[in-house]
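Every number in the working numbering is 1480 more than the matching position in the sequence shown, counting from 1.
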Amino acid sequence: MTELFLTPKLQLLLPLYKSFLQNEIYPIELGVITKPFRQSLPAIKALREKAKAQKLFAPHLSFEEGGAGLNIMEFAQVSELLGTSPLGHLIFNCNAPDIGNMELMHQFASAELKKNYLHPLMAGEIRSCFAMTEPEFAGSNPVNMATVAKREGDQYIINGHKWFTTAADGANFTIVMAVTDPENPNPYMRASMIVVPLNNPGFELVRNISIMGEAGEDYFSHAEVRFTNCSVPVGNLIGQEGQGFALAQARLGPGRIHHCMRWIGICERAFELMCKRAATRKLSDRKFLGQQQIIQAWIAECRANINAARLMVLHTAYAMEKHGAKAAKEEISTIKFFVADVLMKTLDKAIQVHGALGITDDTLLSFWYRHERGARIYDGPDEVHKVSLAKAILKSYGLE
Ligand SMILES: Cc1cc2nc3c(=O)[nH]c(=O)nc-3n(C[C@H](O)[C@H](O)[C@H](O)COP(=O)(O)OP(=O)(O)OC[C@H]3O[C@@H](n4cnc5c(N)ncnc54)[C@H](O)[C@@H]3O)c2cc1C
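So, in structure tokens, the structure goes:
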């Protein structure tokens, strides 16, 4: 945390989140992530109720919607704190992909969709997912997709194959990206976003994909899914037909700030574990690990990287707040790849300092190492962001 960005609201709220994390979440988190996730659902539900009772639930929502009424910069700092536990965002109902879906539906969904899907989602009664990426096409250029939604009377008939639909297992509905106008000369106007309830007979969860040896379940999973003659009312369209990519951009802008601050939270926790280990692990009777210069250099470098990452993200959140996501496009690209890199480097060094213990499941580090490797890939692979940033910079030097 940095005092520079503390608002009166945060001065009040951050200590409350901190003590909830320390007293309620840190003591159970390792137990939760080392057993099948569904076994912990009752404990998670109980903590969600406690968070509601303490008025800490869904901090990203406005006061009227039952949230804390935070602006982007304020929520970013809460997000960092919640990121220090793998369960933080879930317990406070501001976890991906639900938070992105909430923001999207809040802005663009019809009153009927809000009533049936958004409101129960905001209240934490249901979970959701987002199905855009397809195994057969490069997700980094999603204009190429085979999933189609054909209008027949007052229904869309959806057919397609998606994967990496995060947290589909146990979700109540998905927002699916499907082509509705294949002939449109502008490829960015061909697709739309449509809500599909997952109890629809045309929806199939094929499998939870095994990732680095672990398929996971429920919230901690990524599914391969199929839509076969999946029929939903045309009223399930979000926004207008052909707006799918514009909506995807709107969904991703604040999402990258949330992810980056969550990653910084992970970095802080990994850093703390690393320093504690370095300060207490004895190499000999007279020497602690932290007295080795190479370990000291890693600690100093990690500290500098995390501090730089935080300032960069908060600056981006400020630019977005003030000028909008479009104007902050370059800053958003910059934080996406920079912070993902800081995250990977910090986790790697923290594991190394722990030695063999670092790759066991006796600390949080190996969980994050497996689960967060995807940070370099999702929300646009790092390379795509680097290329787009460099192009924008070079354009200002006259290179088209
Ligand atoms: C943990 C995780 C969760 C996810 N959750 C969801 C979800 O909930 N819903 C959903 O729809 N999708 C989700 N995804 C999918 C994600 O959006 C895609 O993986 C991502 O868009 C990249 O697409 P791809 O995997 O097809 O890689 P590809 O597009 O095949 O790219 C492969 C690699 O090529 C390189 N590359 C690509 N383009 C360029 C370029 N222009 N210049 C240079 N190099 C390039 C990059 O290194 C990239 O990693 C998730 C992915 C992960 C890892």
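All C-beta atoms in this analysis are idealised placements derived from N, C-alpha and C, irrespective of residue type, glycine included.
- Message: For alanine 1671, count the other beta carbons within 10 Å of its own beta carbon; 16 or more makes it buried, fewer makes it exposed. Which is it?
- Response: Along the sequence shown, one-based indexing puts residue 1671 at 191. Buried, by the Cβ-count rule.
- Message: Between tyrosine 1858 and ligand 1, is there a pair consisting of the residue's CB and a ligand heavy atom that are separated by less than 7 Å?
- Response: Indexing the sequence shown from 1 puts residue 1858 at position 378. Yes, the Cβ of tyrosine 1858 comes within 7 Å of a heavy atom of ligand 1.
- Cβ neighbours of serine 1608 in the same chain (closer than 6 Å, five flanking residues each side left out): To locate residue 1608, count along the sequence shown from 1; it is residue 128. Cβ contact annotation for serine 1608 (same chain, cutoff 6 Å, sequence separation greater than five): Asp1578, Asn1581, Leu1601, Ala1651 and Phe1653, in chain order.
- Taking glutamate 1605 as the reference, which of Ala1730, Cys1574 and Glu1632 has the closest Cα? Your numbering for residue 1605 matches position 125 in the sequence shown. The residue among Ala1730, Cys1574 and Glu1632 with its C-alpha nearest the C-alpha of glutamate 1605 is Cys1574.
- Own chain residues within Cβ distance below 6 Å of lysine 1630, not counting five before or after: As a first step, residue 1630 must be located in the sequence shown, where it is residue number 150. Excluding sequence neighbours, lysine 1630 sits near Ile1637.
- Query: In whole angstroms, what separates the C-alpha of histidine 1834 from that of methionine 1824?
  - Reply: What you label residue 1834 is simply residue 354 of the sequence shown in a count that begins at 1. What you label residue 1824 is simply residue 344 of the sequence shown in a count that begins at 1. Rounded to the nearest whole angstrom, the CA to CA distance from histidine 1834 to methionine 1824 is 16 Å.
- Going along the chain, which unbroken runs of the beta strand (DSSP E) with 3 or more residues stay wholly within the region 1743–1806? Entirely contained in the region 1743–1806, not one beta strand (DSSP E) run reaches 3 residues.
- Helix, strand or coil: how does DSSP classify cysteine 1740 here? Here residue 1740 corresponds to residue number 260 of the sequence shown, with the count starting at 1. The answer is helix: DSSP assigns cysteine 1740 an H, G or I state.
- Message: Applying the 10 Å Cβ sphere with the 16-neighbour rule, what's the burial state of phenylalanine 1751?
- Response: Looking up residue 1751 in the sequence shown gives position 271. So phenylalanine 1751 counts as buried.
- Message: Could you tell me the alpha carbon to alpha carbon distance between glutamine 1635 and glutamate 1694, rounded to whole angstroms?
- Response: Indexing the sequence shown from 1 puts residue 1635 at position 155. Indexing the sequence shown from 1 puts residue 1694 at position 214. Computed Cα separation, rounded: 38 Å.
- Own chain partners of asparagine 1680 with C-beta closer than 6 Å, once the 5 adjacent residues on each side are dropped: Along the sequence shown, read from residue 1 onward, the residue named residue 1680 stands at position 200. In the same chain as asparagine 1680, and ignoring 5 residues on each side of it, the C-beta atoms closer than 6 Å to its own belong to Cys1710, in chain order.
- Message: Rounded to whole angstroms, what is the Cα-Cα separation between glutamate 1509 and alanine 1728?
- Response: On the sequence shown, position 29 is the one that residue 1509 refers to. On the sequence shown, position 248 is the one that residue 1728 refers to. Computed Cα separation, rounded: 32 Å.
- Reduced DSSP secondary structure (H/G/I, E/B, other) of glutamate 1694: Counting from 1 along the sequence shown, the entry for residue 1694 is found at position 214. Three-state result, glutamate 1694: strand.
- Contact check, methionine 1673 vs glycine 1722, beta carbons under 8 Å: Locating residue 1673 in the sequence shown gives position 193, counting from the first residue. Locating residue 1722 in the sequence shown gives position 242, counting from the first residue. For methionine 1673 and glycine 1722, no; Cβs fall outside 8 Å.
- Return the bridge partner residues of tyrosine 1636 from the DSSP annotation. Within the sequence shown, numbered from 1, the residue matching residue 1636 stands at position 156. According to DSSP, tyrosine 1636 bridges with Arg1631 and Val1712.
- Task: Tell me, please, whether the region 1581–1592 touches the region 1614–1625 by the rule of three or more beta-carbon pairs shorter than 8 Å.
- Result: In short, these stretches do not touch, since the Cβ pair count stays below three.
- Query: Would the beta-carbon of threonine 1646 be found less than 7 Å away from any heavy atom of ligand 1?
  - Reply: For the purposes of this step, residue 1646 is taken as residue 166 along the sequence shown, with counting starting at 1. For threonine 1646, the CB falls within less than 7 Å of some heavy atom of ligand 1.
- Message: Comparing C-alpha positions only, which one of Gly1733, Leu1763 and Leu1769 sits nearest to methionine 1754?
- Response: Mapped onto the sequence shown, residue 1754 falls at position 274. Of the candidates Gly1733, Leu1763 and Leu1769, the one whose C-alpha sits nearest the C-alpha of methionine 1754 is Leu1769.
- Would you call the CB atoms of threonine 1645 and histidine 1702 closer than 8 Å? One-based indexing of the sequence shown puts residue 1645 at position 165. One-based indexing of the sequence shown puts residue 1702 at position 222. Judged by beta-carbon spacing, histidine 1702 lies within the 8 Å limit of threonine 1645, meaning their Cβ atoms are closer than that value.
- Message: Just to confirm before moving on: does the CB-CB distance between lysine 1489 and leucine 1561 stay below 8 Å?
- Response: Here residue 1489 corresponds to residue number 9 of the sequence shown, with the count starting at 1. Here residue 1561 corresponds to residue number 81 of the sequence shown, with the count starting at 1. Contact: no.
- Query: What residues are listed by DSSP as bridge partners for serine 1672?
  - Reply: Reading the sequence shown from its first residue, position 192 is the one you call residue 1672. In the DSSP assignment, serine 1672 is bridged to Ala1658.
- Query: Looking only at C-alpha atoms, which of Tyr1849, Ser1846 and Val1867 sits nearest to lysine 1816?
  - Reply: Here residue 1816 corresponds to residue number 336 of the sequence shown, with the count starting at 1. Checked all of Tyr1849, Ser1846 and Val1867; the closest Cα to lysine 1816 is Val1867.
- Would you mind reading off the limits of the alpha helix (DSSP H) that contains alanine 1533? Residue numbering aside, residue 1533 sits at position 53 when the sequence shown is read from its first letter. If you look at alanine 1533, you'll find it in the alpha helix (DSSP H) that goes 1521–1533.
- State the beta-bridge partners of lysine 1642 as determined by DSSP. Indexing the sequence shown from 1 puts residue 1642 at position 162. Answer is Val1705.
- On a CA-only basis, which of Pro1861, Leu1484 and Pro1566 is nearest arginine 1850? Give me that one, please. Locating residue 1850 in the sequence shown gives position 370, where the first residue counts as 1. Taking only the C-alpha atoms, the option nearest arginine 1850 is Pro1566.
- The beta strand (DSSP E) with valine 1864 in it runs from where to where? Along the sequence shown, one-based indexing puts residue 1864 at 384. Run containing valine 1864: none in the beta strand (DSSP E); it sits in the alpha helix (DSSP H), 1862–1875.
- Helix, strand or coil: which one does DSSP assign to asparagine 1652? Here the question's residue 1652 lines up with position 172 in the sequence shown. Look at asparagine 1652 here: in three-state DSSP terms it is coil, with no helix or strand label.
- Query: On the three-state DSSP scale, how would you describe asparagine 1450?
  - Reply: Given that the chain is displayed from residue 1481 to residue 1880, the structure contains no residue 1450 and the question cannot be resolved.
- Can you tell me the Cα-Cα spacing of asparagine 1785 and lysine 1809, whole angstroms? As a first step, residue 1785 must be located in the sequence shown, where it is residue number 305. As a first step, residue 1809 must be located in the sequence shown, where it is residue number 329. If I take the Cα positions, the gap works out to 22 Å.
- What do you reckon, are the CB atoms on arginine 1528 and isoleucine 1571 nearer than 8 Å? For the purposes of this step, residue 1528 is taken as residue 48 along the sequence shown, with counting starting at 1. For the purposes of this step, residue 1571 is taken as residue 91 along the sequence shown, with counting starting at 1. Cβ atoms of arginine 1528 and isoleucine 1571: closer than 8 Å.
- Is histidine 1738 near ligand 1, going by C-beta to nearest heavy atom under 7 Å? Start at 1 with the first residue of the sequence shown, and residue 1738 comes out as number 258. Distances taken from the Cβ of histidine 1738 to the heavy atoms of ligand 1 include none shorter than 7 Å.
- Rounded to whole angstroms, how far is the Cβ of glycine 1733 from the Cβ of alanine 1805, which I believe are closer than 8 Å? Residue mapping note: residue 1733 aligns to position 253 of the sequence shown, counting from 1. Residue mapping note: residue 1805 aligns to position 325 of the sequence shown, counting from 1. 3 Å between Cβ atoms; contact.
- Exposed or buried, what is methionine 1800 when buried is set at 16 or more other beta-carbons lying within 10 Å of its beta-carbon? Here residue 1800 refers to the residue found at position 320 of the sequence shown. Counting Cβ neighbours within 10 Å, methionine 1800 comes out buried, since at least 16 surround it.
- Look at the alpha carbon of isoleucine 1857 and the alpha carbon of arginine 1766, and state the distance between them as a whole number of angstroms. Here the question's residue 1857 lines up with position 377 in the sequence shown. Here the question's residue 1766 lines up with position 286 in the sequence shown. If you take the alpha carbons of isoleucine 1857 and arginine 1766, they lie about 44 Å apart.
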